[in-house]
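Residue numbering for the sequence shown follows this note's numbering, starting at 6 and increasing by one per position.
Every residue gets a Cβ at the ideal spot worked out from N, C-alpha and C, and that includes glycine.
If you're wondering where the values come from, they're calculated on a predicted model, not measured in any experiment.
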Amino acid sequence: MFLVETPTSEPSTIESAPRAKQEHVVATYVIETAFPLDYAAEVIAGEQSCGTFVAVPNETAQLKERHSAKVLSVTPLETVASPSLEGSTAPQSPNASRYQRGKIVVSFPYHNIGPSIPNLLTTVAGNLYEIQQLSGIRLVDLELPVAFSQRYPGPAFGIEGTRKLTNVHGRSLIGTIIKPSIGLTPDETRPLVRELAMAGLDFAKDDELNGNAPYAPLAERVAAVMDEINRVADKTGKKMMYAFNITGDVDELRRGHDLVNEAGGSCVMVAINSIGFAGLSYLRQHSELPIHGHRAMYGALARHPMLGIGFTAYQKLCRLAGVDHLHVGGLDSKFYQSNAEVRQSILDCLAPMYGDYRVMPAISSAQWAGSAEGIYAATKTIDILHLAGGGIIAHPGGISEGVRSMQQGWEAAMANITLAEYAEGRPELRLAIEKFGKSRT
């Protein structure tokens, strides 16, 4: 049985630490090894600081004292019979067929790194995934000195800024993703956006697959979508927030942002792992709009429970680099994560970091009106961006009723009324239950 991060009742935090902590980056890992845990931990500390496989000139005691990483703690976990990953080695001993898992905490001198996310990642991850003595390693948490917040200002809008722009208070934000995910031309997107906005939807976004493709150039899509949103806003007084996917090379990020901003748009979206944390930070420095962060490819970092980077560590880097909304998966979704992991991801995004830096968790994947009940019961928060693609667009009564059913789902959840009971006299919710609820029974 694989070990995964155990969800806790309290979100993790990065707050102002005592001076000693301010001088170090502290990384927590879950590892697996056929060697003694203490030895494997020292290998990690040495590989990612001033150690090498043989003593070298100038490796003085003073240099090692100043620049060596130090193991702070080693906590044994379970033992397994076979390695999680190929390519590992084992000592020649009777216990070589057993693999010990453990949680280790390593402290890296801040002066080895400086306030730089790229160099931070090189230090706390870097070559660790290639070390032969390890048959598994996963970075699960980070504690960072306050100097990082002085270099990276974090989210410019966050939860409160997003609520102010959308004028949504006292409830979750409800949104959707343009469907089909890809293939609609700008002119074909127009009527869908018009209907979503007329239905009173708070938020809509491009799918992460829909960037600046030849069949639907970003400039044409922005012009078409904003024309419809502005027309509806003139009629109803409500301006739907729309996250345009501006993912691209660094020069494209700036051009895409400016295009959306000049058209009166109120949000841009990027695929974080496609542009990297440096690209995200660059966009944050320039952006005058909220940044909607999609985590496409996150599974490559995290799906194997003994490899990669866990969400608790990942989301801290995303927040530091400047996202305002961050995808966290979905409860009862079509993807691999358990509800407990998704719940913890939501709480992580809402946890204080450098005093604030909180971001709006974006929940998506197989969501519908009935999903609100589980989300609210698990998290007790309304600081949620709840995205339903098919759950709105494929509603039997049409888009307007799909939006209304989502609103009713949240009303029921917040009032602690069962979905079936609340659906009485509310045909929008009843139809949603009939359409989407049956597949989950």
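Delimiting residues of the beta strand (DSSP E) encompassing residue i
| i | result |
| --- | --- |
| Ser76 | One point to set straight first is that residue 76 is Val, not Ser, in the sequence displayed. It spans Lys75 to Val85 - the beta strand (DSSP E) in which Val76 sits, taken as one unbroken run. |
| Thr181 | Leu178 to Ile182 |
| Ala399 | Premise fails: Ala399 is in no beta strand (DSSP E) and is neither H nor E. |
| Glu37 | His29 to Thr38 |
| Leu390 | Leu390 to Leu392 |
Outcome for residue i when other beta-carbon atoms lying within 10 angstroms are tallied against a minimum of 16
| i | result |
| --- | --- |
| Ser78 | exposed |
| Gly360 | exposed |
| Thr80 | exposed |
| Met231 | buried |
| Val408 | buried |
| Asn172 | exposed |
| Gln105 | buried |
| Tyr220 | exposed |
| Val255 | exposed |
| Lys440 | buried |
| Asn421 | exposed |
| Ala186 | One detail in the question is off: residue 186 reads as Ser in this sequence, not Ala. So Ser186 counts as exposed. |
| Val61 | exposed |
| His330 | buried |
| Asp157 | With the sequence shown as reference, residue 157 is identified as Tyr, and Asp is not the correct amino acid for it. When all chains shown are included, Tyr157 counts as buried. |
| His174 | exposed |
| Arg308 | exposed |
| Thr167 | buried |
| Met305 | The amino acid occupying residue 305 in the given sequence is Ala; Met does not appear at that position. Flag for Ala305 reads exposed. |
| Asn278 | buried |
DSSP three-state assignment for residue i, whether helix, strand or coil
| i | result |
| --- | --- |
| Phe316 | helix |
| Gln105 | strand |
| Val111 | strand |
| Tyr134 | helix |
| Leu294 | coil |
| Lys69 | helix |
| Met245 | coil |
| Val273 | strand |
| His262 | helix |
| Ala418 | helix |
| His299 | strand |
| Ser17 | In this prediction, Ser17 scores a pLDDT of 45, lower than 50, which makes its location untrustworthy; the coordinate-derived value is nonetheless stated afterwards. Three-state result, Ser17: coil. |
| Asn117 | helix |
| Ala2 | With the chain covering 6 to 446 only, the question about residue 2 has no answer from this structure. |
| Asn172 | coil |
| Ile251 | coil |
| Ala95 | coil |
| Ala228 | helix |
| Ala238 | helix |
| Lys440 | helix |
| Ala25 | Confidence is the limiting factor: at Ala25 the pLDDT is only 40, short of 50, which leaves the residue's position unreliable, though a coordinate-based value still follows. If DSSP states are grouped into helix, strand and coil, Ala25 belongs with the helices. |
Range covered by the alpha helix (DSSP H) that runs through residue i
| i | result |
| --- | --- |
| Leu285 | Ile277 to His291 |
| Pro432 | Pro432 to Ala437 |
| Thr384 | Ser376 to Thr384 |
| Leu42 | Leu42 to Glu52 |
| Leu201 | Pro191 to Met203 |
| Ala428 | Leu424 to Ala428 |
| Leu214 | It is not in any alpha helix (DSSP H) - Leu214 carries neither H nor E in the DSSP assignment. |
| Gln122 | Just to set this straight, residue 122 is Ile in the shown sequence, not Gln. Ile122 to Val129 is the extent of the alpha helix (DSSP H) around Ile122. |
Contacting residues, own chain, Cβ-Cβ under 7 Å from residue i (five flanking each side not counted)
| i | result |
| --- | --- |
| Ser21 | Residue placement at Ser21 cannot be trusted, given a pLDDT of 36 that sits under 50; what the coordinates show is reported in the next sentence. Val151, listed in sequence order. |
| Ser370 | Gly334, Gly335, Ser338, Lys339 and Phe340 |
| Gln412 | Ile179 |
| Phe153 | Pro120 and Leu325 |
| Gly131 | Gln53 |
| Gly234 | Correcting the residue identity first, residue 234 is Ile in this sequence and not Gly. Within the same chain, Ile234 has close Cβ partners Val198, Ala202, Lys244, Met245 and Tyr247. |
| Thr33 | Lys108, Val110, Val145 and Asp146 |
| Asn117 | Ser54, His72 and Thr128 |
| His291 | Arg259 and His262 |
| Glu213 | Asn250, Ala276, His299 and Ala301 |
Neighbourhood of residue i by C-beta distance below 6 Å, restricted to the same chain and skipping five residues each side
| i | result |
| --- | --- |
| Tyr427 | Ala417 |
| Leu288 | Leu258 |
| Ser405 | Ala204 |
| Pro123 | Ala283 |
| Pro88 | Tyr104 and Ser140 |
| Leu90 | Ser140 and Gly141 |
Same chain, Cβ closer than 8 Å to residue i, five either side skipped, listed in chain order
| i | result |
| --- | --- |
| Asn344 | Leu336, Asp337, Gly379 and Ala383 |
| Arg348 | Pro12, Leu336, Ala383 and Thr384 |
| Pro432 | Gly402 and Glu406 |
Test: residue i CB closer than 9 Å to a CB of chain D
| i | result |
| --- | --- |
| Gly379 | Considering every chain present, this structure includes no chain D. It has just one protein chain. |
Ranges of the alpha helix (DSSP H) found wholly within the stretch 303–371, counting only runs of at least 4: Every unbroken stretch of the alpha helix (DSSP H) spanning 4 or more residues and falling wholly within the stretch 303–371 is given here in chain order: 303–307, 316–326 and 344–355.
Beta strand (DSSP E) segments (min. 3 residues) lying fully within the stretch 138–170: You should have 141–148.
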